[in-house]
Amino acid sequence: MDKNKDKRFENLAREFFTEWARRNPIEGSNLGFYSECNHRMPDGSYEKIQDDIRFLKRYETEFNKISANHLSTHLVTDHALAISVIENKIYELDEFRSWERIPTAATVMGEAIFQILSRNFAPLKNRLKQILKRLEEVPRYLQETRSCLRDPIKIFVENELETLTRLPGFFNTLKILSWDNLPKAPQKHFLKLLETSQNALEKYSDWLIVDILPECRDDYPIGEVRLRKLLKARGIHENPKDIQTHAEKEMKRLQEKLKDLAKQIKKKVAVEDIRELIKQQHPDNFDGVLRFTRDKVQKARKFVVRSEFAEIPPEESVFIVETPAHLRHVLPHGTYHPPARMDKSREGYFHVTPGDCDSNKLKEHNFAALSNLTIHESYPGHHLQASWTMAHPSLLRAMGSDQLTLEGWAHYCEEQIKDLGFDDEPPFRFMSTMSQMFRAVRALLDIKLATGQVGFDEGADFLIDHVGLDRVAAEAEMRRYMLAPGEALTGLVGKSRMKELRKWTKEKMKGRFTDRFFHDAVLKTTPLPFKILQQELTWRIEEELAKPVVKEAPPAAKKKKKKKGAKKKAATKKATVKKSGKKAVKKKTAGPKKAVKKTVVVKKTTKKKKSTTGKKVAKTKRK
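Residue numbers for the sequence shown follow the numbering used here, so the first one is 298 and each next one is one higher.
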């Protein structure tokens, strides 16, 4: 251990973290660099991408100059993570090059505005002024992105055009907010900029339709070789064929489990009919969906505490809000956005996607499905995971959240919390198992789409037949898989890895193992790539095993034993009196003795904070 090298590494890590955020203002805003980034749109040019690659390679060289052998134990993980993050980004930009095939300007623009609007880091009027600054740069940004689209693929261009059709509704919301929250002069400027942005988006749309769409190719599969390289870059070393085989086996296993659960709900009724029967049990409207979800999040949080599943960090909170319009066609159910690393509020956002609010669409938001979605996205899933990441002193941990570990943890939690008794009635178990089936189907289609084994329509039909999605939701899922190959399989593969890691931890600790230790260790370590995560768990296990074993029974157990003895004594006395036929004489007592020891009371206070976008779940502060 060399303190000078520790300091050198920490300075380099902080420098890389802050510089990358400033170079990429959308990422910077998500990380909480509001004053430095919220007034800017990114540079969308080809030249900027090439400059980013050079920037990353320079820092890769600098981090490799520092030997991990000379660093303190707690920095060894960060050193490995820094190199992993940089290598992954270089691969994505310089080799995989999705920016050549997929136009994303409309999505980026929607996110640039929504991330400022949704987070309550400042009064709304101040946030609208930041949005105003970004709107000023929209025409420039849209023009720059044209230089990147060099090998466009038809279905991705069509998806971008679909996103563009959804932005006007978003603009109308901004108009209403400006009328209510801005003085007359800034309001006038704001409305003018919205019109200018709308015109720029129309020109961009015309360019895609007239100049790009006729020249697009239909060949979207990346092929097995590129897929294998992509997975390896993300820490997934399994062969795509092996993942496909695993998904198929898992589907067969879960199909049998669904048959058994169906029998518990209603005998001699097919699985598909039971699934539709459960789907009929849903809120009356989307407001009801949001109310039910907020209530379920509260209950899930309390259950995590009561069951001692895991520790919850202080000062965390989660908002339940509608999925923004520009993302609904690729997120049919919901998603989660974590707190900003540099924002001390630790506020996460659980997005629930509204449909057309008819009965058919609301079926996807049935009570059992919403319960499972809540576990996955809030407690003890993504939100709890993200809250611990933001509480970690390392800046790199927020930047290097691994997708495989993120989804693996959330998917693992869905099953584990059911086993502890949370919403474990047969209908809820059935839909939880259906969710597992969904992950297996996702993994299968992810591989098959990327390798050209199925097409868009065939894949959508497969989702409808095997998972029971409606056509709109199935097509949204397909677009999501195609836009991000290798992502949909992370739930299935990540859960398997998480269960293997739990088994490995149990073997290491033998009789000292507890689920609570494992869950807390994984959460507090943050979502690292599994190889790095296992290394840090090794150190945490060693620390735990070095602690002395406490054999003395806890005070609560002693008290309970004493009480039980007192009850037995009283019963004996009562029996004796009855036998003798004499009435018991009540003896006067001198009253209770004063306690010698003072009891320290831990108070919990609940703060409420207004939101422009949704209601906030209880925010707990420990004193």
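No residue lacks a Cβ here, since even glycine has one placed at the ideal position from N, Cα and C. Bear in mind the structure is a predicted one, so any value in this text is a computation, not a measurement.
According to DSSP, residues forming a beta bridge with residue i
| i | result |
| --- | --- |
| Gly645 | Val615 |
| Thr953 | Examination of residue 953 is not possible in this model, given that the chain is present from 298 through 920 alone. |
| Ile450 | Arg514 |
Residue from the options with nearest C-alpha to residue i
| i | options | result |
| --- | --- | --- |
| Lys345 | Glu784, Cys445, Glu644 and Ala818 | Cys445 |
| Ala740 | Val846, Leu461 and Met548 | Met548 |
| Arg523 | Ala771, Glu384, Tyr388 and Glu839 | Tyr388 |
| Ile617 | Met795, Leu717, Gln595 and Ala607 | Gln595 |
| Phe265 | Pro511, Ile413, Thr460 and Gly788 | Beyond the ends of the chain as shown, which are 298 and 920, falls residue 265; an answer cannot be given. |
| Glu434 | His708, Asn456, Ala419 and Ile410 | Ile410 |
| Leu461 | Arg809, Thr802, Tyr646 and Ala622 | Ala622 |
| Lys800 | Pro826, Pro724, Gln831 and Ala781 | Gln831 |
| Arg591 | Ser604, His648, Glu384 and Lys472 | His648 |
| Lys745 | Gly765, Ala544 and Asp340 | Ala544 |
| Pro723 | Trp396, Ser698, Gln561 and Gly407 | Gln561 |
| Lys451 | Leu510, Asn469, Arg437 and Phe468 | Leu510 |
| Lys828 | Lys563, Leu551, Ile533 and Phe589 | Ile533 |
| Arg514 | Lys472, Phe453, Ile473 and Lys489 | Phe453 |
| Arg431 | Ser332, Ala818 and Thr650 | Ser332 |
| Leu429 | Arg813, Arg443 and Lys489 | Lys489 |
| Arg437 | Glu457, Asn469, Phe727 and Thr493 | Thr493 |
| Ala421 | Val382, Asp477 and Ile380 | This sequence places Leu at residue 421; Ala is not what is there. Looking at the Cα atoms, Asp477 is the closest of the given residues. |
| Glu688 | Ser642, Phe753 and Asp503 | Note that residue 688 is Ala in the sequence shown here, rather than Glu. Among Ser642, Phe753 and Asp503, the Cα nearest to that of Ala688 is on Ser642. |
| Thr730 | Ala781, Val602, Gln577 and Arg572 | Arg572 |
| Arg603 | Glu839, Trp504, Glu324 and Pro677 | Pro677 |
| Arg768 | His680, Pro629 and Thr787 | Pro629 |
| Gln578 | Ala843, Glu841 and Ala666 | Ala666 |
| Trp706 | Ala597, Ser395, Leu825 and Arg351 | Leu825 |
| Arg394 | Ile380, Ser475, Ile519 and Pro651 | Ile519 |
Continuous alpha helix (DSSP H) stretch holding residue i: start and end
| i | result |
| --- | --- |
| Phe313 | Lys300 to Arg320 |
| Lys560 | Pro537 to Ile562 |
| Val790 | Thr787 to Met806 |
| Met639 | Neither: Met639 is in no alpha helix (DSSP H) and is coded neither H nor E. |
| Glu722 | Careful: Glu722 lies outside any alpha helix (DSSP H) and carries neither H nor E. |
| Thr498 | Note that residue 498 corresponds to Leu in the displayed sequence, not to Thr. Looking at the DSSP string, the run of the alpha helix (DSSP H) that includes Leu498 is Lys481 to Trp504. |
| Tyr968 | Outside the shown range of the chain (298 to 920) lies residue 968, about which nothing can therefore be said. |
| His376 | Thr370 to Ile387 |
| Gly585 | Phe583 to Arg603 |
| Gly756 | Phe753 to Val764 |
| Phe814 | Asp812 to Thr822 |
| Leu624 | First-last for Leu624: undefined, no H or E at that position. |
| Asn921 | The structure shown has nothing for residue 921, since the chain only spans 298 to 920. |
| Leu524 | Glu521 to Ala530 |
| Cys445 | Per DSSP, Cys445 belongs to no alpha helix (DSSP H) and is neither H nor E. |
| Gly407 | Ala402 to Ser415 |
| Gln832 | Phe827 to Ala843 |
| Ile571 | Val568 to Lys576 |
| Val847 | Element bounds for Val847: n/a, residue is neither H nor E. |
| Leu780 | Arg768 to Leu780 |
| Glu333 | Tyr331 to Cys334 |
Chain B within 8 Å of residue i, Cβ atoms only
| i | result |
| --- | --- |
| Phe360 | Note that chain B does not occur in the displayed structure, where there is just one protein chain. |
| query | Counting pairs of Cβ atoms below 8 Å between the region 397–405 and the region 352–371, do you hit three or more? | reply | no
Is it true that the region 414–425 meets the region 474–486, where meeting means three or more beta-carbon pairs spaced less than 8 Å apart?
-> Contact between the region 414–425 and the region 474–486 is present, because at least three Cβ pairs lie under 8 Å.
- prompt: Counting pairs of beta carbons, one from the region 747–762 and one from the region 625–645, are three or more of them closer than 8 Å?
  reply: no
So within the region 667–709, which uninterrupted alpha helix (DSSP H) runs reach at least 4 residues, ignoring any that extend past its ends? Listed in chain order, the complete alpha helix (DSSP H) runs (minimum 4 residues) inside the region 667–709 are 679–688 and 693–696.
Could you check whether the region 672–687 touches the region 709–727, counting it as contact only if at least three pairs of C-beta atoms, one from each stretch, sit closer than 8 Å?
yes
> When the Cβ atoms of the region 700–717 are set against those of the region 781–801, are three or more pairs found closer than 8 Å?
Replying inline: yes
Does the structure place the region 383–398 close enough to the region 512–531 that three or more beta carbon pairs sit under 8 Å? yes
The region 446–454 contacting the region 661–670, beta-carbon criterion three pairs below 8 Å = Flag = no, the region 446–454 and the region 661–670 do not touch.
**Request:** Answer yes if the region 374–381 comes into contact with the region 306–313, meaning at least three C-beta pairs across the two stretches below 8 Å, and no otherwise.
**Result:** yes
Any 3 or more C-beta pairs closer than 8 Å across the region 493–512 and the region 456–471: yes
* Asked: Is there contact between the region 580–588 and the region 776–787, where contact requires at least three CB pairs shorter than 8 Å?
  -> No: fewer than three Cβ pairs fall under 8 Å.
Check whether the region 688–697 and the region 804–819 are in contact - that is, three or more C-beta pairs closer than 8 Å. Too few Cβ pairs lie closer than 8 Å, so no.
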